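A.B. asks: Take a look at the following structure, please.
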Amino acid sequence: MNMPSLVNVTEEIVFGLIKFLLHGLEYQTFCHCESCELEIAAHALNHLPPYYVTTSANREDAFNQLKTSENIQQINKQIILSIYKMGKHPNHTD
Ligand SMILES: [Zn+2]
1 MNMPSLVNVT
11 EEIVFGLIKF
21 LLHGLEYQTF
31 CHCESCELEI
41 AAHALNHLPP
51 YYVTTSANRE
61 DAFNQLKTSE
71 NIQQINKQII
81 LSIYKMGKHP
91 NHTD
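1 is the number of the first residue of the sequence shown in UniProt numbering; add one for each residue after it.
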């Protein structure tokens with residue numbers, strides 16, 4: 001991460017989890033294209049508190065704080081809601 005820059009650590013975690021979930025068996029019927037992935041991320045992130053940092057050290061701290069199993073469960077729950085909301089109604093027709 002180049003300094004200085006504004007990074008939302010919640011966003012990084014959400015992207016990782018969305019990719020992981022969408023490529024699992026449970027969601028194989030949902031669209032996996034980049035556009036849907038971004039729609040799901042946008043929807044989830046609008047419902048989750050952001051966690052902004054500007055330095056690598058703070059980013060590490062934030063990751064450690066956010067990656068509790070309780071918090072990940074909370075984020076996963078929101079992502080699953082977003083997958084159902086966005087994934088069943090893609091913004092594209094092809
Ligand atoms: Zn799609």
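Even for Gly, the Cβ is constructed at its ideal location relative to N, Cα and C. All values derive from a computational prediction rather than experimental measurement.
1. Under 8 angstroms: does the beta carbon of H92 sit that close to some heavy atom of ligand 1?
2. Please classify S35 as buried or exposed, where buried requires at least 16 neighbouring CB atoms within 10 angstroms.
3. Go ahead and pull the three-state DSSP assignment for N64.
4. Whole angstroms is fine: what's the gap from N8's alpha carbon to P50's?
5. Is Y84 helix, strand or coil when you go by DSSP?
C.D. replies: With the given structure in hand:
1. True, at least one ligand heavy atom lies under 8 angstroms from that Cβ.
2. That one is exposed.
3. Note: N64 maps to helix in three-state DSSP.
4. Approximately 6 angstroms between the Cα atoms of the pair.
5. Helix at Y84.
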